[in-house]
Amino acid sequence: MISIEDLRLAVTLARSESLSAAARALNVSPPALSMRLRKLETLLGLTLANRDARRLSLTADGERFSRESALLLEQLEALPESFRQKDERLVGTLRLAAPFGFGRQRLAPLLARFIRLHPQLCLHLDLRETPWPDRHDSDAVIHIGHLNDSLWTARQLSPNERWLCASPAYLQAQGVPSTPDELTAHRCICIRENDEDVTLWHLRKGQGRKTLRIEPVLLSNDGSVARRWAEQGLGLVLRSQWDVSDAIASGSLVRVLADWRFDSAPVNLLVPSRKLRSPRVQALVAFLEEALKV
1 MISIEDLRLA VTLARSESLS AAARALNVSP PALSMRLRKL ETLLGLTLAN RDARRLSLTA
61 DGERFSRESA LLLEQLEALP ESFRQKDERL VGTLRLAAPF GFGRQRLAPL LARFIRLHPQ
121 LCLHLDLRET PWPDRHDSDA VIHIGHLNDS LWTARQLSPN ERWLCASPAY LQAQGVPSTP
181 DELTAHRCIC IRENDEDVTL WHLRKGQGRK TLRIEPVLLS NDGSVARRWA EQGLGLVLRS
241 QWDVSDAIAS GSLVRVLADW RFDSAPVNLL VPSRKLRSPR VQALVAFLEE ALKV
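Per UniProt numbering, residue 1 is the first one in the sequence shown, and the count goes up by one each step.
Structure, rendered in structure tokens:
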């Protein structure tokens, strides 16, 4: 008979990049985990995973078994909640994935407040360079930018403009651009994320539209690194409002071409359609909408 531990094993394997990582997550040794996996495969008569010392990948049967296991565990976790009285607090596990920068700077402090409101919850925050589409096993995913997926519902938590910024020292040395065309003569810093064409900048001002191809002198997949480069006077950076607003307020960065608007990147909470009615997810959505509203 399949046990709850077998279900947890399958779900953990789907979330892990190696057997060693899965073993750490389950607090067992890799040999013990391998033995459990072999026993489960024997019980099912299926091969669930291809594995070696460094890499783990699920077979098609393994992916299906993991999905079904996640659904069963979700139902089991929700069972106590279904019997709770209205005055009882939320229980169970809530899994949220988010990008590194936004997760560290904005989300983590908010979740500290959220968990104090619901101390019986177990909250898992998974920070990744690209949480979408990696974290399909999460209850919710924070995504910066526009996205359409028929199986997930997007709830906009906050509008998020992209602002072009530079340090006062850079602008003093290189001059302040007054038109978009002048940007091609400046040193630019770009951030590569979400598979976007980050060197193609779209601007608009009233009815006017402008598209520029930028040749960056510095390129990074970490937005915080790019912002720090700009603060050090290394060039202009196009960065999310949430990331540079404090730097602008302190004077370490200055907004450039403020009368022009670049493509926005709203902060969205993505929720699988099947989980929209979960009290835990509903509570998280309501809390974040209130905390991040402008």
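By construction, the Cβ of each residue, glycine as well, lies at the ideal position given by its N, Cα and C atoms. Predicted model, so just to flag it, every value in this text is computed and none were measured.
Between which two residues does the alpha helix (DSSP H) containing residue i stretch?
i	result
R162	No alpha helix (DSSP H) contains R162, which is instead part of the beta strand (DSSP E) from R162 to A166.
Q282	P279 to L292
Q241	Q241 to S250
S20	L19 to L26
Which first and last residues belong to the beta strand (DSSP E) in which residue i is found?
i	result
V256	V254 to V256
P177	Per DSSP, P177 belongs to no beta strand (DSSP E) and is neither H nor E.
S220	L218 to S220
L183	Where L183 is concerned, there is no enclosing beta strand (DSSP E), given that its DSSP letter is neither H nor E.
S224	Counting along the chain, S224 falls outside any beta strand (DSSP E), though it belongs to the alpha helix (DSSP H) covering G223 to E231.
L43	Segment P30 to L44 is the alpha helix (DSSP H) holding L43; no beta strand (DSSP E) there.
Of the choices the options, whose alpha-carbon is the least far from that of residue i?
i	options	result
A226	G206, Q207, I189 and E193	I189
R95	A291, L269 and L292	L269
S220	Q241, V198, R204 and G208	V198
P281	Q174, H118 and V217	Reading the sequence as shown, one finds Val at residue 281 and not Pro. Of the listed residues, the one whose Cα sits closest to V281 is H118.
L234	V244, Q207, C165 and L292	C165
residue 295	L73, L212, S29 and R55	Not covered by the structure: residue 295. The range shown for the chain is 1 to 294.
Q156	L26, A249, I2 and A265	A265
From the DSSP output, in three-state form, read off residue i for me.
i	result
I189	strand
P99	strand
P272	strand
I115	helix
I214	coil
I2	coil
L123	strand
R93	Here residue 93 turns out to be Thr, not Arg, going by the sequence shown. The answer is strand: DSSP assigns T93 an E or B state.
A265	coil
D87	Summary for D87: the model assigns pLDDT 49, below 50, so the residue's position carries little reliability; its value from the coordinates is reported in the next sentence. In this structure, D87 counts as coil in the three-state DSSP scheme.
Q75	helix
S66	helix
T47	coil
Contact check, residue i vs residue j under 8 Å by CB: the rounded distance?
i	j	result
L125	L288	Not confirmed; about 13 Å, so no contact.
Does the Cβ of residue i have 16 or more other Cβ atoms within 10 Å, making it buried, or fewer, making it exposed?
i	result
E68	exposed
H186	buried
E193	buried
V176	exposed
H143	buried
E231	buried
Can a CB atom of chain B be found closer than 8 Å to the CB of residue i?
i	result
E193	Note that chain B does not occur in the displayed structure, where there is just one protein chain.
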